[in-house]
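Below is one structure, written out as structure tokens; comments come after it.
Numbering (our numbering), first residue to last: 759 to 869.
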């Protein structure tokens, strides 16, 4: 995984090598599989108190879910929700959501 934050134009050139890139550019999420069109995932609703650590939360959850065997689509969606939840409290540590909070936000009834 490569986290080129902030994003710079050369990042697009790295895609041909097949890494997972997580640049910070805006607050939306887009992922691309080679040979397929990009998939945009809208931001999860959030009450923003402090964005400190949101990118780290996204990356940590993404890597953890991929390591647990989730397909990329599911891992990205989970990381997106976790990052949105992480901005609801001041500071990176206080804002970090618990696995139960992420699971509740992922539940179909809460979407």
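Each residue gets a CB set at the ideal place from its N, CA and C atoms; glycine is no exception.
Predicted model, so just to flag it, every value in this text is computed and none were measured.
Quiz prompt | Cross-strand partners of residue 788 (DSSP beta bridge) | solution = The count along the chain shown starts at 1 and reaches residue 788 at position 30. For residue 788, which the question treats as bridged, DSSP gives the partners 798.
Quiz item: Using 8 Å as the Cβ pair cut-off and three pairs as the minimum, do the region 841 to 853 and the region 787 to 804 touch?
Solution: yes
Self-check item: Distance, residue 818 Cα to residue 809 Cα
Solution: Looking up residue 809 in the chain shown gives position 51. Looking up residue 818 in the chain shown gives position 60. Residue 809 and residue 818: Cα-Cα distance of roughly 15 Å.
Quiz prompt | Close beta carbons around residue 835, own chain, < 7 Å, minus the five adjacent residues each side | solution = Counting from 1 along the chain shown, the entry for residue 835 is found at position 77. Closer than 7 Å at the Cβ level, and outside the excluded window around residue 835, lie 799.
Quiz item: Grouping DSSP H, G and I as helix and E and B as strand, with all else coil, what is residue 844?
Solution: Residue mapping note: residue 844 aligns to position 86 of the chain shown, counting from 1. Residue 844 falls in the helix class under three-state DSSP.
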